[in-house]
Every structure is written in structure tokens, then in C-alpha cells.
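Chains as they are written, first to last, in the working numbering: chain A, 112 to 195; chain B, -2 to 557.
Written out as C-alpha cells, the structure is:
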């Protein structure tokens, strides 16, 4: 009885819950976009405190990378509409 | 909120990144509440986690901010020797948990490590283990909370009270709402954020240093005469390395007792793998965790080594206070400020906050389970499942409040921190002996388990007191007059484990064992372990454990 309830709860969770990987995709998209945007802005208006190796523009490519990974995860794990 | 003397200044974009993180973890907590209706949901995350989620959560619960900050500082102080805590101090134990111990934890359907002791040895061992674990867990959580608030004050200039209350209320809300499920979801998210925020430091740092070889050359130039870049070469004697430690302490003390004790019996981490959906997932989870654990030195130890090359001159805490300079305890935020511009800085700080919150969530969710299932339920035997869930939610809030109280106590009396950290270590080594003999030796009896655990704990406390009263005793416990405090922990753990083991064996031989029929599902030799023969080779946990172990050996040889 208890095992059946547990199995049903697990199935309900697996069918209806949004995947953790989707949340991770969302956070990467948002952070990637913010970092990319701030870093591109920094190309035109340099920040007050220069960082070491600032010429590498780490924020631009790191932000782009996070954004790209985020998009992949959001698309792959986008919540499906429940038929119930 | 901010004062003037601090290492980094956050811009608007950085604040937005941090605020989004807090909003998201709270949102996840509210969202998951609908899936946590029963005790099984709240305390065990419904036992429905995949191997990847359980594995990453298993690792994230350990990857706290103090872990990141502390071991970066240790790498600056002791060099690459600090890596031992990530490799030999973790990998063999995690693989042992996966292959040897997980079947018994999983098949016995225990909800906790004290719960396993209840099934194997009875009430006395369960009570001793549950009370000590529950008490120490919330105290440790409070100490970590205070330390983190102090870090935020030094790094960002944030008010200590603000850091303590905002972070702990956030953790209390999302764990009380979604229980272990919410803690695990957020830990996986936090794991990704830690990597996203910290990975850039070693990449840009290696570019600045000119690669690994040039970094090593600069370290040797900056610190002539000290071997800071070899794992094993300098630990042939106590006096040959800055840690004052011998390889026997690393291999037997750290690599066996402390590491196995922590990774296989500390419920804070074991709880995550107990939530796996089936035996294969439960075995794969620690193996996945071990794979990632081997890579953590890249974001923790390497920044410390890079700082030795590009930022020599950091000093100890007391000297830094006296001279107004920077301490090596601040090496990670200093490296972050060195390379990270707007946005990246916010992400790096978010990684530190995420690390802190994942550690704290781990503590309070484990506390709530042990308090409710291993203490409260044995007093209120007729409590319904719904009542226990309500108690679990209150225990979460109570755990956070005790943690906050501890944080304020430590703020007033700093020496408490050393005592509580030592207290926690008293229980781990003897508990390993109790659990190992329980799982692997049919003849171990209830009395043997209890008295072994008690004798090991008391002897550990005794050795610690002995060194406190007479510092010369360190030379006897650690077997060398050149031994330093770090090796005391290793050898004290080793001796207390041996005492627990010997007492368990002697008392077990003198007392009557349980019939084998009562040991089914709990002990090797009485339990049928499901065969994995029907899986393809690459689907079997033992195959991946072998892969991880080979990589572990290769890494140790490369950095010998």
C-alpha cells in the first residue's frame, strides 16, 4: 500500500514537476545576458576599476558561453503541457 | 548596508545578479511545496532522485563557501598539499560508499545513519548518534553562518547582522517549504553557480601566469626552498613540508579514518544519496560526486597556487591585522577582484553565497530528519505522518534559529568556534568503526556497537583535552616532536577509530549476537545484493568506479 503510494507520488512528480535542469537553464540565460550586456557596455564605457588582463574581455565570452548553455538547457528541458 | 573598508565594490548589475539568485531559490521552494505532502517527500525527497541529481547534491552539500575560501587559503599557506583533502581525502571513501556500503543503506530502507544504527544495533547506539549529530549539526551551521557573515563584511563591507538574517531566513523558508526536495534542487542549482562563478579565476590566472610550468617556476622563485608544488615528495618526514605532516597521517588518518568517516557516515552528505530512486542510482550518485570532486581543486586549490605566483606577500591573519595588509584567508576574493569586472563580480559573489546556503541547507535538512525521525518519533510513537511533516517543518525553523543563536554566541566568544569544530570531529571516527563493523561483520552485537562508539568518542575527547592541557602531548599522539596541529587531527582520528574498533570486537565476542534472520538487509553475508549482470558494462556502477579510481591514481602520479 505504502509502496504503491510512493510509486504514484514519484510518477506524479516525474510527470508534472518542472525539471531542475530547466531552472538551471533559466539562471544561466539570465546571468549570461546580464554579464554579456554589462561587458559590452564596458567596452564603450570602461569601468572605474580596471581588472588584470581586461584586454581579454573575459566578461564578453564568459557571458556568451553561459547564455548559450542556458538556451540549450531551457529548450531541452522546457516544461511540457500537462494533459490532465 | 555597506561600509568603506572592503576588498570589492559591487555595481548595480552585480546587485541584480545576487537579488535574482535569492528570488529564484525562494521561488523554487514555493514551487516544490506542492510535491512535499508526506514524510517520505519531505524528509527523503520521495526517494525519487536520479543519480545525477543525488550525486551533484551529495557534493554540493559539502562544497560550502568556507570550503572554497578555506582551502584556497590553505593552498596559499601549504601549497598543493591541500589537494590531499580533495583526492585521497575523498575519492576512495566516496567509491567505497558507492560500491560497498550503499547496498545496505538502500536495501535496509533506512531514512538516516542513526536510523541504520537503530536497525542494526538498537536504541542505545541510535540515541547516542542522533543526539550528538543533531546537536553538533546546528552548532556547526551557526559557526559557518558567522564565518560567512564575517567574510561578507571583509569582502563587501556588508553588515554582519544583515548577512546572517537574510541568508538564514532564505534557507529556512525554502527548506521548511519543500524539505529535502527543495534543499536538493537548490543544491544542484548552487553547484552549477559555484562552477560558473569560480571557474573563470583559474582560467584567466593561468593565462596571466603563462601556464602551469611558468606558474610553478614563479612559485619556486617567490618561495625559494619550500616545496609547494608536489603532492607526495615532501611528506616523507614531518619537517620536510609546511604542514608538519607525515605520509602515514595523510594515508591512514586523512585517507582512511577522517575521509571514510565523513563521506560514508556523516548524514549531512549521506542523506542526499539515500534520496536516490533505486539501488543503481544510489550507487552511481557517489561515483558521479567523486568524478566532480576530483575537479574541485581546479577552482579551489589552483587559485591559491596562482596567487603564490602572481600575488606573493599575503600574510597570516594576525600579521595582516597588525600591518593593515591582506591575509591569505582572503585569497579567493582577492583573485576574484583581480580578474572579474562588472557582472562577473556579482556572479563570483553569488557563487560564494550559493556555497554558503547549500552547506546550511544541508545542515538544517539533515537536522530536521534526525530530530523528527530519530528522536521525536521515538518519544511520540503514535504520531501520524502528517504530524511528523509538521514537526519537520518546525524543526527546520528551530534548527535555523539555533544556528543564528550560535552565530551570535561565537560573535561574543570567538574561542567557542575551536571547541565546537573539535567536538564535531570527536564523533566521526568512532562512528565509522561502528557502521563498518555493523555492515561487514555479522558477529558485531548491539552492546559491542554501543560501547565501541562510546569508547571511541570518549577517547577522542580525552586526547584532545590532553593536548589542550599539555601541548607537549601532541608529539606523543602524532608520533613526532615535529608534528603540527594539522597532524594531531589525523592521528587523533586514527587512534579513536582503533579504540572504537577494538572495543566493538572485544565486547561483541563477549556478548550474544543477533540471529542472522534479523540481519537480513543490514549486513554483508546475510543480504542478497541484486545482480547487475543484465546491465551493459558501461551502465554498471563498478565500471565507473574503476574509471574514477584510475583517474585518481593518474592525477596523484602526475602531481607526485
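Idealized CB from N, CA, C, for every residue including glycine. Just so you know, these numbers come straight off a predicted model, no measurement behind them.
Beta-carbon separation of residue i and residue j under 9 Å?
{"i": "residue 367 (chain B)", "j": "residue 109 (chain B)", "result": "yes"}
{"i": "residue 471 (chain B)", "j": "residue 293 (chain B)", "result": "no"}
{"i": "residue 80 (chain B)", "j": "residue 70 (chain B)", "result": "no"}
{"i": "residue 134 (chain B)", "j": "residue 360 (chain B)", "result": "yes"}
{"i": "residue 565 (chain B)", "j": "residue 282 (chain B)", "result": "Outside the shown range of chain B, which is -2 to 557, sits residue 565 (chain B), and nothing can be said about it."}
{"i": "residue 132 (chain B)", "j": "residue 390 (chain B)", "result": "no"}
{"i": "residue 184 (chain A)", "j": "residue 154 (chain A)", "result": "no"}
{"i": "residue 168 (chain B)", "j": "residue 3 (chain B)", "result": "no"}
{"i": "residue 169 (chain A)", "j": "residue 341 (chain B)", "result": "yes"}
{"i": "residue 102 (chain B)", "j": "residue 213 (chain B)", "result": "no"}
{"i": "residue 492 (chain B)", "j": "residue 514 (chain B)", "result": "no"}
{"i": "residue 429 (chain B)", "j": "residue 494 (chain B)", "result": "yes"}
{"i": "residue 558 (chain B)", "j": "residue 160 (chain B)", "result": "This structure cannot settle anything about residue 558 (chain B), because the visible part of chain B is limited to -2 through 557."}
{"i": "residue 56 (chain B)", "j": "residue 290 (chain B)", "result": "yes"}
{"i": "residue 171 (chain B)", "j": "residue 407 (chain B)", "result": "no"}
{"i": "residue 526 (chain B)", "j": "residue 239 (chain B)", "result": "no"}
So, with DSSP's three-state summary, where would you put residue i?
{"i": "residue 179 (chain B)", "result": "helix"}
{"i": "residue 46 (chain B)", "result": "strand"}
{"i": "residue 482 (chain B)", "result": "helix"}
{"i": "residue 324 (chain B)", "result": "strand"}
{"i": "residue 163 (chain A)", "result": "coil"}
{"i": "residue 312 (chain B)", "result": "strand"}
{"i": "residue 51 (chain B)", "result": "helix"}
{"i": "residue -1 (chain B)", "result": "Its pLDDT being 45, under 50, residue -1 (chain B) is placed unreliably in this model, and the value from its coordinates should be taken loosely. Residue -1 (chain B): strand per DSSP, three-state reduction."}
{"i": "residue 84 (chain B)", "result": "coil"}
{"i": "residue 95 (chain B)", "result": "helix"}
{"i": "residue 541 (chain B)", "result": "helix"}
{"i": "residue 72 (chain B)", "result": "helix"}
{"i": "residue 173 (chain A)", "result": "helix"}
{"i": "residue 155 (chain B)", "result": "strand"}
{"i": "residue 214 (chain B)", "result": "helix"}
{"i": "residue 173 (chain B)", "result": "helix"}
{"i": "residue 358 (chain B)", "result": "helix"}
{"i": "residue 195 (chain B)", "result": "helix"}
{"i": "residue 380 (chain B)", "result": "coil"}
{"i": "residue 365 (chain B)", "result": "helix"}
{"i": "residue 273 (chain B)", "result": "strand"}
{"i": "residue 370 (chain B)", "result": "helix"}
Identify the contact partners of residue i in chain B, using a Cβ-Cβ distance below 9 Å as the criterion.
{"i": "residue 133 (chain A)", "result": "Neighbours of residue 133 (chain A) on chain B: none; closest Cβ ~11 Å, over 9 Å."}
Residue i versus chain B: which residues are under 8 Å apart at the beta carbon?
{"i": "residue 182 (chain A)", "result": "Simply none; closest approach about 15 Å."}
{"i": "residue 158 (chain A)", "result": "8, 338 and 339"}
{"i": "residue 154 (chain A)", "result": "None at all; the shortest Cβ gap to chain B is about 11 Å."}
For a contact defined as C-beta to C-beta under 7 Å, what are the partners of residue i on chain B?
{"i": "residue 162 (chain A)", "result": "335, 336, 337 and 338"}
{"i": "residue 149 (chain A)", "result": "10, 339 and 340"}
{"i": "residue 145 (chain A)", "result": "10, 13, 14 and 340"}
Apart from the five residues just before and just after residue i, which ones in its own chain have a Cβ nearer than 7 Å to its Cβ?
{"i": "residue 323 (chain B)", "result": "311, 317 and 331"}
{"i": "residue 575 (chain B)", "result": "The displayed coordinates of chain B run from -2 to 557. Any statement about residue 575 (chain B) would go beyond what the structure contains."}
{"i": "residue 225 (chain B)", "result": "76, 77, 216 and 305"}
{"i": "residue 105 (chain B)", "result": "113, 116, 518 and 519"}
{"i": "residue 199 (chain B)", "result": "295, 296, 299, 300 and 303"}
Using a Cβ cut-off of 8 Å, pull out every chain A residue sitting near residue i, in sequence order please.
{"i": "residue 43 (chain B)", "result": "117, 120, 121 and 124"}
{"i": "residue 274 (chain B)", "result": "121"}
{"i": "residue 186 (chain B)", "result": "131, 134, 135 and 138"}
{"i": "residue 50 (chain B)", "result": "131"}
{"i": "residue 205 (chain B)", "result": "163 and 164"}
{"i": "residue 193 (chain B)", "result": "139, 142 and 177"}
{"i": "residue 182 (chain B)", "result": "131 and 134"}
{"i": "residue 38 (chain B)", "result": "120"}
Could you check how far apart the C-beta atoms of residue i and residue j are, in whole angstroms? I think they sit under 8 Å.
{"i": "residue 67 (chain B)", "j": "residue 195 (chain B)", "result": "14 Å between Cβ atoms; not a contact."}
{"i": "residue 434 (chain B)", "j": "residue 454 (chain B)", "result": "With 8 Å as the limit, residue 434 (chain B) and residue 454 (chain B) do not qualify as a contact, their Cβ atoms being about 15 Å apart."}
{"i": "residue 269 (chain B)", "j": "residue 181 (chain B)", "result": "6 Å"}
{"i": "residue 228 (chain B)", "j": "residue 557 (chain B)", "result": "6 Å"}
{"i": "residue 12 (chain B)", "j": "residue 350 (chain B)", "result": "Incorrect: roughly 12 Å between the Cβ atoms, too far for contact."}
{"i": "residue 177 (chain B)", "j": "residue 354 (chain B)", "result": "Not quite, the Cβ-Cβ distance comes to about 15 Å (not below 8 Å), so this is no contact."}
Apart from the five residues just before and just after residue i, which ones in its own chain have a Cβ nearer than 8 Å to its Cβ?
{"i": "residue 148 (chain A)", "result": "174"}
{"i": "residue 546 (chain B)", "result": "88, 89 and 92"}
{"i": "residue 45 (chain B)", "result": "272 and 274"}
{"i": "residue 34 (chain B)", "result": "386"}
Going along the chain, which residues of its own chain have a beta-carbon closer than 6 Å to the beta-carbon of residue i, five neighbours each way excluded?
{"i": "residue 529 (chain B)", "result": "537"}
{"i": "residue 543 (chain B)", "result": "none"}
{"i": "residue 54 (chain B)", "result": "181, 184, 185 and 269"}
{"i": "residue 558 (chain B)", "result": "One cannot answer for residue 558 (chain B) here, as it falls past the ends of chain B, which runs -2 to 557."}
{"i": "residue 431 (chain B)", "result": "446, 449 and 450"}
Show which residues of chain A have a CB atom less than 9 Å away from the CB atom of residue i.
{"i": "residue 32 (chain B)", "result": "120, 123, 124, 127 and 128"}
Starting from the beta carbon of residue i, find every residue of chain A whose beta carbon is closer than 7 Å, and list them in chain order.
{"i": "residue 189 (chain B)", "result": "135"}
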